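Please read the structure below before turning to the comments.
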Amino acid sequence: MEYEAIIGLESHVQLKTKSKIFCSCSTKFGAEPNSQVCPVCLGLPGVLPVMNRTALEYAIKAALALNCKIAQKSIFARKNYFYPDLPKSYQISQYEQPLSSGGFVDVITGGKVERIRITRVHLEEDAGKLLHEEVKDSTLVDLNRCGVPLIEIVTEPDIRSAKGAHRFLTILKSILQYIEVSECNMEEGSLRCDANISVRLSDRQLINPSKEETGKLANWQTGKQLGVKVEVKNMNSFKAVEKALEYEMERQIKALEEGKRIIQETRLWDESKEITVAMRSKEEAHDYRYFPEPDLVPIEIDREWIERIRESLPELPEARKARFIKDYKIPDYDASILTSSRELADYYEECVKARRKSQVASRRFNKGIANWIMSELLRELKEKNMGIKECKVAPEHLAEMIALIDKGGISGKMAKEIFVEMFKTGRKASQIVEEKGLVQISDEEVLAKIVDKILKENPKVIEDYEKGKEKALGYLVGQVMKKTNGTANPRLVNKLLKKKIVFS
929 MEYEAIIGLE SHVQLKTKSK IFCSCSTKFG AEPNSQVCPV CLGLPGVLPV MNRTALEYAI
989 KAALALNCKI AQKSIFARKN YFYPDLPKSY QISQYEQPLS SGGFVDVITG GKVERIRITR
1049 VHLEEDAGKL LHEEVKDSTL VDLNRCGVPL IEIVTEPDIR SAKGAHRFLT ILKSILQYIE
1109 VSECNMEEGS LRCDANISVR LSDRQLINPS KEETGKLANW QTGKQLGVKV EVKNMNSFKA
1169 VEKALEYEME RQIKALEEGK RIIQETRLWD ESKEITVAMR SKEEAHDYRY FPEPDLVPIE
1229 IDREWIERIR ESLPELPEAR KARFIKDYKI PDYDASILTS SRELADYYEE CVKARRKSQV
1289 ASRRFNKGIA NWIMSELLRE LKEKNMGIKE CKVAPEHLAE MIALIDKGGI SGKMAKEIFV
1349 EMFKTGRKAS QIVEEKGLVQ ISDEEVLAKI VDKILKENPK VIEDYEKGKE KALGYLVGQV
1409 MKKTNGTANP RLVNKLLKKK IVFS
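Here the sequence shown is numbered in our numbering, starting from 929 and rising by one per residue.
Dropping the structure here:
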């Protein structure tokens, strides 16, 4: 029998404001517990919240980037529930009249475009944080996070696989970072995701079920109906989201195949065991009690402000990726990596522009820049735990180095050694080449003498090559490179060796 998953995601994104949504307390991560609180975010009697304008602007910016329609009027509501990390016993959120709705994100997988609809993007305040492992047999409460501004991004149940969920979250994170409204750091809790998943028989399976299968259909929601959903929480990475959804899909299918009933519940992802475990049942749970927040006026947004925000949006990642493929003639994979962050995409384009100042960049040069960024540069950044903004290699310096390779001034092997020095010091390749005497030997007469000597010293290797052993030629090239301390032009060395062996 064939099945499909029905997945919807709820992502909570911390906005990159300096102060909280309804008070002036700092949002800085890593402060001493309960050091960034005040009577407003602690919910003490007699205090009044005041809306953070920047938080509202960032929320509008995110909603527009996700193709949502901004509501003419939206209101805040009190979401009532009792939990130790919520001192007011209610959370200020939005419910019946959210900030925006009706958006979408297009996910391109294998050349096919899948549209994931966005139900709503709304503003709310964060709760505190419970610490369960700091003291034995006790739970501590840190309220620094109370009142931190969040947007909640809710999708329709349009995602059909765990990999699709991973891809959507990757694109969502990239969009939010491009427009600079959030750091989207899952380790620091500035991006958190809950997933709702159910399974059902695929449309193809339902066409002509066999007699044996007909009995099982009683356990399934069929056709276009949705099955009983399960909410999965406690996933701290996109990979964890993918693994949790894969596990949960298999668990639900197995249960239904065995004639069991799926219970609507919340389950937690256990990273160490790679399983989901039941947290609480939702079958008998009532909805949260919402009512309008009496201390905040409705939000009515000027249309001109919305258009100014819309005009300020940068070129978004999927559009930039398509342009890179078209304008720079680089592969889809390269474009995906290079546009994964706005800073990295900017760096690549600065490299291309630096080369174009002297001559039009060729397709080979554009690909060469992409290769060096994706391999050497990203590897060095990862090893040193640095971001592209901290990189000492200026784009024009990387372009200059690649130009030296193209002109035969240095070899690819030499370039790797030079690049390490550039990364450490920020110096130009030409300076390092001159200082260390690393200029590539491309003088045919000079190399011919060295090649003659190597051939004279290795008659057995020449015989092996003439018998069809291609590796023998590589050995001879290596000997020449060794003799010249790696400064010989390898292409010219190959050419001379083949020519001299043929005519020897």
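Glycine included, each C-beta is placed from N, C-alpha and C at the ideal position.
Please read these numbers as outputs of a predicted model, since none were measured by experiment.
Using only the alpha-carbon positions, how far apart do residue i and residue j sit?
i	j	result
Q1407	L1097	51 angstroms
E1176	S939	19 angstroms
E1054	E1228	The question names Glu, but residue 1054 is Asp in the sequence shown. Taking the straight line joining both Cα atoms gives about 23 angstroms.
K1249	V1348	28 angstroms
I1190	P1012	30 angstroms
V1109	L1425	59 angstroms
N1417	E1243	42 angstroms
D1283	R1291	For the sequence presented, residue 1283 should be read as Arg rather than Asp. Those two C-alpha atoms are separated by around 12 angstroms.
Y1276	G1092	28 angstroms
S1264	G1396	41 angstroms
S1303	T1412	27 angstroms
D1262	G1296	11 angstroms
R1043	I1036	9 angstroms
N1124	D1198	17 angstroms
M1163	A1172	8 angstroms
V1280	D1334	15 angstroms
A1005	F1219	5 angstroms
S947	G1340	50 angstroms
E1115	M1409	47 angstroms
Y1216	N1008	6 angstroms
M1391	A1400	Rather than Met, the amino acid found at residue 1391 in this sequence is Glu. When rounded, the distance between both Cα atoms is 9 angstroms.
Tell me whether residue i is buried or exposed, calling it buried when 16 or more other Cβ atoms sit within 10 Å of its Cβ.
i	result
R1208	exposed
E1185	exposed
N1294	buried
L943	buried
P1222	exposed
W1148	Per-residue confidence for W1148 stands at a pLDDT of 46, beneath the threshold of 50, marking its modelled position as unreliable; the derived number appears in the next sentence. So W1148 ends up on the buried side.
Q1019	buried
P977	buried
T1083	buried
V964	The question names Val, but residue 964 in the sequence shown is Gln. The residue is buried, with at least 16 neighbouring Cβ atoms inside 10 Å.
S1021	buried
E1080	buried
P1259	exposed
G1402	exposed
P1026	buried
M1314	exposed
G974	exposed
Of the choices the options, whose alpha-carbon is the least far from that of residue i?
i	options	result
V1049	S1028, P1259, I1036, P1220	S1028
E1052	I1036, P1077, V1035, L1068	P1077
R1270	I949, E1246, V1379	E1246
R896	G1402, K1167, T1204, A1331	Nothing about residue 896 can be read from this structure; the chain reaches only from 929 to 1432.
V1405	N1422, E1398, I1390	N1422
C1121	R1307, K1312, G936, K1320	G936
E1170	D1274, D1230, R1095, E1373	R1095
L994	G1031, S1002, C966	G1031
L1241	Y1216, Q1105, A1168, Y1218	Q1105
E1278	A1322, I1237, S1268	A1322
I988	E1193, I1237, I1316	I1237
Q1192	I1107, A1298, L970, V1160	V1160
I1103	V941, E1373, Y1256	V941
D1380	V1041, I1429, G1414	I1429
I1253	A1273, I1382, E1235, E1239	A1273
G1336	D1392, T1415, P967	T1415
Might you give, ordered along the chain, the residues of its own chain that have their beta carbon closer than 6 angstroms to the beta carbon of residue i, omitting 5 neighbours on each side?
i	result
E932	R1088, S1130
R1419	none
T1142	Bear in mind that a pLDDT of 47 at T1142, under 50, signals an unreliable position, so the number given afterwards is only what the model happens to contain. If we look at T1142 and ignore the five residues flanking it on each side, it has no Cβ neighbours.
P1226	K1001, I1003
F1010	S1017
I1316	E1271, L1272, Y1275
L1326	C1279
Just to confirm my understanding: we take residue i, look at its own chain, exclude 5 residues before and 5 after, and list those with CB closer than 8 angstroms. What are they?
i	result
A1146	Low confidence applies to A1146: its pLDDT is 45, below 50, so where it sits in the model is not reliable enough to give any reading.
T945	T955, N980, T982, A983, Y986, P1077
L1154	I934, P1085, S1126, R1128
I1181	Y931, V1127
If you drop the 5 nearest sequence neighbours on each side, which residues of the same chain put their C-beta closer than 7 angstroms to that of residue i?
i	result
K1057	D1013, D1070, R1073
A1376	L1424
L1183	In the sequence as displayed, the identity of residue 1183 is Ala instead of Leu. Cβ within range, chain order: I1190.
A959	N1072
K1201	none
Verify the contact flag: residue i, CB atom, against every heavy atom of the ligand FMN, threshold strictly below 7 angstroms.
i	result
L1309	In the structure shown, the ligand FMN is absent, as is every other ligand, since no ligand is present at all.
Which complete alpha helix (DSSP H) runs does the stretch 974-1012 hold, if anything under 4 residues is left out? Runs found: 981-993.
Enumerated in chain order, which unbroken segments of the alpha helix (DSSP H) with a length of 4 residues or greater are wholly contained in the stretch 1242-1286? Correct list: 1245-1256, 1260-1266, 1270-1284.
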